[in-house]
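Here's the structure, in structure tokens; my notes come after.
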Ligand code: S3P
């Protein structure tokens, strides 16, 4: 464990779309007695638009800028679990902010599991649509997931804690995270 994580009480959940960040987050926060925030919700509040609307009307670059500023604003939160978006820490500046201010927990799942979890829920995920905004399906969806995951793994894998959560039930995933977090949250225990 690196000493730089001592005294941090901010936990960032990272991982690909569909990895369970928004599901695990509130339960983990509850188990720790922390508050839960979801950066996607904060971005939508800031823009007063849904994420697909931001992508459609302003483009990905504008979305990434709102995401970057939301991350900046949240970095001094304490006793908090924040679910980041699947792309948040793939910007090296964002990864640095997260590493300096909190403990990163990566919910790692395989491309096959991602595909099975999101193949019928990709319509509200602009990174998984074609140029005209239509959700990708079948082989194209699988290809896009594999491609994005391959590009992103090098960022995700810099997390402090990695949980292989393919076959883990929700309660077990949370237990595993809490167990591993103990060393960071109570370094003297
Ligand atoms: C994105 C993931 C989404 C959301 C946006 C972009 C990405 O969040 O931030 O659609 O680039 O992977 P979830 O990972 O919560 O779905």
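Residue numbers (the numbering used here): 2 to 190. Each residue gets a CB set at the ideal place from its N, CA and C atoms; glycine is no exception. This structure is a prediction, so every number in the text was calculated from the model and none was measured.
- With respect to the 8 angstroms criterion, residue 26 and residue 166 are not classified as neighbours on the basis of their beta carbons.
- Per the C-alpha coordinates, the member of 31, 58, 109 positioned closest to residue 134 is 58.
- The region 104-115 makes contact with the region 151-162, as at least three CB pairs between them are under 8 angstroms.
- Relative to the ligand S3P, the beta carbon of residue 147 is positioned no closer than 7 angstroms to any heavy atom.
- In chain order, 69, 72, 89 place their CB closer than 7 angstroms to the CB of residue 95, counting only its own chain and leaving out the 5 sequence neighbours on each side.
- Residue side-chain check: residue 176 keeps its Cβ at 7 angstroms or more from all non-hydrogen atoms of the ligand S3P.
- Distances from the alpha-carbon of residue 13 to those of 97, 127, 121, 111 put 97 closest.
- Beta-bridge partners of residue 91 (DSSP): none assigned.
- In the DSSP assignment, residue 109 falls outside any alpha helix (DSSP H) and within the unbroken beta strand (DSSP E) covering 104-109.
- Excluding sequence positions up to five before and after residue 45, its CB lies within less than 7 angstroms of the CB of 51, 52, all in the same chain and listed in chain order.
- Residue 80 has its alpha-carbon roughly 8 angstroms from the corresponding atom of residue 34.
- Within the model, the alpha-carbon separation for residue 132 versus residue 180 is close to 43 angstroms.
- By the neighbour-count criterion, in which 16 or more other beta carbons inside 10 Å mark a residue as buried, residue 130 falls on the buried side.
- Relative to the ligand S3P, even the nearest heavy atom lies 7 angstroms or more away from the CB of residue 110.
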